[in-house]
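*Asks:* Please see the structure below; I have some questions.
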Amino acid sequence: MPGTMLSNNRTPVRTLFLSDLHLGFRHSRPEQILDCLQRYQPEQLYLLGDFIDGWCLGRSWHWSDACSRVVSSIADLAASGTRVRLVAGNHDDFLRSPLLQMLMQRSGFCELADEFLHQLADGRRFLVLHGDQFDPWEKTTRLTSSAIGLLYDLLLRANSTWGKLTRCVLQGDASLVCRVKRRLD
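Pasting the structure below:
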């Protein structure tokens, strides 16, 4: 697939952080991710977990052309000198495979680790990670986490219908997903 040409009108930035892209999940927003990637020319790009939603592979994989263009755009950034650093998350933990790590690093696409130390322009350093290890739901069994993921997918589908209903009937947008999340927290 041909790469996305890097344009000269990108805003140069030291670092760009992107998290939870969930490419391959039907509710991901690859077009918005592309818009962001096409606006900036980062020296460093951090992809902080759940870059690809591997949980969807067996049930509702939805890889669009826009998802491929996101990957191509990131590859173009890497080829142009952007240092790409990828932290695997709970939805793309398959990326932790030693073989995949070796292939990605040898290809020059990205560095892959569970965490990175990032240094700011003023010399301060901070830890960069996905954070799924702090989520109490992620400390449950893989089966429980997968079931929760499936329920969340169903909730997002219901949220679309709910949003249309509330916009028509209530002249507002009361997200069903936000309501459920608030009750769980």
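Numbering (the working numbering), first residue to last: 3 to 187. Beta carbons: idealized from backbone N, C-alpha and C, even for Gly. Since we're looking at a predicted model, the values are computed, not measured.
Measuring CA to CA, which of PHE96, SER62, GLN46 and ILE54 is closest to GLU113?
*Replies:* On the sequence shown, residue 113 is found 111 positions in, with the first residue counted as 1. Nearest option by C-alpha distance: GLN46.
*Asks:* Would you tell me roughly how many angstroms separate the C-alpha atoms of ALA123 and ASP78, rounded to the nearest one?
*Replies:* On the sequence shown, position 121 is the one that residue 123 refers to. On the sequence shown, position 76 is the one that residue 78 refers to. Each residue's alpha carbon lies about 25 angstroms from the other.
*Asks:* Distance check for VAL89 and ILE54, CA to CA, integer angstroms please.
*Replies:* Locating residue 54 in the sequence shown gives position 52, where the first residue counts as 1. Locating residue 89 in the sequence shown gives position 87, where the first residue counts as 1. One C-alpha to the other measures close to 11 angstroms.
*Asks:* Between the beta-carbon of HIS29 and the beta-carbon of TRP57, is there less than 8 angstroms?
*Replies:* The residue given as residue 29 occupies position 27 in the sequence shown. The residue given as residue 57 occupies position 55 in the sequence shown. Not a contact, by the Cβ cut-off of 8 angstroms.
*Asks:* Verify whether the separation of the beta carbon atoms of ARG71 and LEU119 is less than 8 angstroms.
*Replies:* Within the sequence shown, residue 71 is the residue found at index 69, counting from 1. Within the sequence shown, residue 119 is the residue found at index 117, counting from 1. Contact flag unset, no.
*Asks:* Per DSSP, GLN43 forms a beta bridge with which residues?
*Replies:* For the purposes of this step, residue 43 is identified with residue 41 of the sequence shown, where counting begins at 1. The partner list for GLN43 (beta bridge, DSSP) reads PRO14.
*Asks:* Just verifying my parser: in three-state terms, what is the DSSP assignment at PHE96?
*Replies:* Sequence index remark: in the sequence shown, residue 96 carries index 94 (1-based). PHE96: helix per DSSP, three-state reduction.
*Asks:* Give me the Cα-Cα distance between GLU33 and TYR42, rounded to the nearest whole angstrom.
*Replies:* In the sequence shown, the residue the question calls residue 33 occupies position 31. In the sequence shown, the residue the question calls residue 42 occupies position 40. C-alpha separation (whole angstroms): 15 angstroms.
*Asks:* Does the distance from the C-beta atom of GLY26 to that of TRP63 stay below 8 angstroms?
*Replies:* Counted from its first residue, the sequence shown places residue 26 at position 24. Counted from its first residue, the sequence shown places residue 63 at position 61. For GLY26 and TRP63, yes; Cβs fall inside 8 angstroms.
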